[in-house]
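Residue 249 in this note's numbering is what sits at position 266 of the sequence shown, and the numbering runs on without skipping anything. Each residue gets a CB set at the ideal place from its N, CA and C atoms; glycine is no exception. No experiment lies behind these values; they were computed from the predicted model shown. Below is one structure, written out as structure tokens; comments come after it.
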Amino acid sequence: MQAIIKDASPPLSPITHVRTMTQPTHLSRRRFLAASAAGSVLSMNASSYARIYGASERLNVAFVAAGGIATAQHIGQIAGLGAGCPAYADADSNRWGAAAKRWPDAKGYTDYRQMFDKHHKEFDAVMVGTPDHHHYPATILAMSHGKHVYTQKPLTHTVWESRQLTIAQKNMKLATQMGNQGHATDSLRGTIDYLRSGAIGDLIEAHVWSDRPWWRQGKPIPEGEQEVPDHLDWDTWIGPAQMRPFHHDPSDKWGGVYHPFNWRGFWDFGCGALGDMACHQLDPVYWAMEPGYPTEIELMDGGAFGDAPMFGPNSTVRFSFPAKGDRPGFEVYWHDGGNKPERPEELAEGEKLTNQGGLYIGTKGKMYAAGDPRNWPKLLPEERNKEQGRPEQQIERSAEGHHKEWYLACVGEKPHDFPKSNFSYAGPFTEMLLLGCIAQRLGGKLRYDPETMTFADRADATALITKEYREGWDFRL
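Rendered as structure tokens:
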């Protein structure tokens, strides 16, 4: 397998932004060449590592995280498609059960780096369902071994990581998918039909909101240190983040200060409600408008949390997108923690905005989607729905579903980019959302240059494009 250096610019990958505690771990174990400081990455022909599947063969998948979302979604879905599993990894061995029961001969590890070292020749694809701060290391490690990869949302933990996976997808042509499974639903794709059909004219602004956070967020952290339980590899769980003491809080309804659920609210491990839910709630408008990167991001409400370790309890963030071709510029507002837009007067009398939803305001009308994008939207006022009906279909519906789209691309029955939330889409989308997380932390109005991945006159914001990686976890091409 020969790797070729290929110039990936524009846009440049700002390697100079990366702050590391040690020298980065370049992925040479698979004969990859190190990327240049100018941001070049590797280009490989997919045929150099793609397997040809015969009738008697099956896709073998390794799992990075075997509990939580892996138990709830990945394992059952992929096993139902006939996939095998030679190995899996989860820092908490108490969460191995679903994989161990489904594939009793598979080997379990607490450290996925060991799994790759010992078993990379035995599997073809990887599913990543870890806390957010492990998404990029596990994903880029999989891609460096020529493995197809399905990674939970948000795709990465930092803006720089998102850009790296966007570039890697372009050059490596593997089957990839981000785990925003609503992307494959008829209702979400129907929402795109509405937005592209002109049913509400040109989009002026979109509001989406979530009932998250459900977890500990904006609260003090316990002092001291507790003994780590035998079943948890705390060093591996911390992974690329900076080490901190373990804490367990039996009074918390989710069972712990960090693990297994509350990590979402911590800057070092998660991306708050915005990272957790905007990959679902904002998906229709981002897909429909194809806006690229926002040029201005502003925290409108909630208060910046600054140097505090956790995201704040609520926020409203504005993203401003410039005009593109014949399409005028527009704005997107994210609301969480109980924040919502103003109730549109066109709603039926007595009808309230749901705890999560979407409101789209155009030059010719409004559209409201109650709940999440798995629900069909409706034009406002409601009489317009009877008058106009649903728009002509513009986006192909998914007969396969989100997981099977990826599976079929993995086995070569569909092209590598057949999964619609592949990293060429999910990378820029996640980058946009993580820019919002920076605004939540710092406040103020941030003017973003996507070419240089910097903020004008805001060195503090530019510094948050990336992060320090702990020794042994700084993987990059």
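For residue i and residue j, I'd like the C-alpha separation in whole angstroms.
i, j, result
"residue 146", "residue 453", "20 Å"
"residue 345", "residue 221", "45 Å"
"residue 118", "residue 73", "13 Å"
"residue 424", "residue 169", "35 Å"
"residue 6", "residue 148", "Caution is warranted here: a pLDDT of 44 is assigned to residue 6, below 50, making its placement in the model unreliable, and no coordinate value can be reported."
"residue 214", "residue 94", "13 Å"
"residue 85", "residue 116", "27 Å"
"residue 33", "residue 398", "Residue placement at residue 33 is flagged as unreliable, the pLDDT there being 48, under the threshold of 50; a coordinate-derived value is accordingly withheld."
"residue 176", "residue 377", "6 Å"
"residue 76", "residue 161", "25 Å"
"residue 302", "residue 315", "5 Å"
"residue 231", "residue 105", "36 Å"
"residue 310", "residue 100", "49 Å"
"residue 391", "residue 59", "16 Å"
"residue 403", "residue 227", "38 Å"
"residue 436", "residue 448", "7 Å"
"residue 278", "residue 412", "14 Å"
"residue 65", "residue 167", "20 Å"
"residue 244", "residue 430", "33 Å"
"residue 288", "residue 295", "6 Å"
"residue 280", "residue 300", "7 Å"
"residue 114", "residue 140", "9 Å"
"residue 108", "residue 335", "45 Å"
"residue 201", "residue 341", "25 Å"
Between the Cα of residue i and those of the options, spot the shortest distance and give me the residue it belongs to.
i, options, result
"residue 78", "60, 52, 96, 103", "52"
"residue 472", "272, 435, 389, 289", "It is not possible to answer for residue 472, since the shown part of the chain is limited to -16 through 460."
"residue 152", "140, 133, 165", "133"
"residue 323", "66, 330, 191", "191"
"residue 441", "242, 44, 460, 418", "418"
"residue 360", "351, 139, 126, 204", "351"
"residue 262", "137, 455, 393", "137"
"residue 363", "343, 356, 239", "343"
"residue 219", "187, 318, 373, 252", "252"
"residue 267", "333, 173, 184", "173"
"residue 135", "259, 239, 347, 313", "259"
"residue 382", "421, 401, 439, 156", "401"
Any idea which residues DSSP pairs residue i with across the strands?
i, result
"residue 461", "The structure shown does not extend to residue 461, since the chain is modelled only from -16 through 460, so no value can be given for it."
"residue 429", "280"
"residue 362", "350"
"residue 72", "47, 92"
"residue 437", "432"
"residue 310", "307"
"residue 461", "Outside the displayed span of the chain (-16 to 460) sits residue 461, for which this structure offers no information."
"residue 67", "43"
According to DSSP, simplified to helix, strand and coil, what is residue i?
i, result
"residue 318", "strand"
"residue 334", "coil"
"residue 298", "strand"
"residue 58", "helix"
"residue 417", "helix"
"residue 270", "helix"
"residue 119", "helix"
"residue 463", "There is no way to answer for residue 463, as the model of the chain reaches only from -16 to 460."
"residue 412", "helix"
"residue 113", "coil"
"residue 215", "strand"
"residue 459", "strand"
"residue 108", "strand"
"residue 238", "coil"
"residue 100", "helix"
"residue 124", "helix"
"residue 227", "coil"
"residue 370", "helix"
"residue 30", "The predicted model places residue 30 with a pLDDT of 39, which falls under 50 and marks its position as unreliable, so this point remains unresolved."
"residue 220", "helix"
"residue 166", "helix"
Looking at the unbroken alpha helix (DSSP H) that takes in residue i, where does it start and where does it end?
i, result
"residue 147", "142 to 155"
"residue 388", "385 to 393"
"residue 175", "169 to 180"
"residue 262", "255 to 264"
"residue 202", "That residue, residue 202, is in no alpha helix (DSSP H); it is neither H nor E in DSSP."
"residue 443", "442 to 445"
"residue 84", "80 to 85"
What are the boundary residues of the beta strand (DSSP E) that includes residue i?
i, result
"residue 192", "186 to 192"
"residue 345", "340 to 345"
"residue 528", "The structure shown does not extend to residue 528, since the chain is modelled only from -16 to 460, so the question has no answer here."
"residue 131", "131 to 134"
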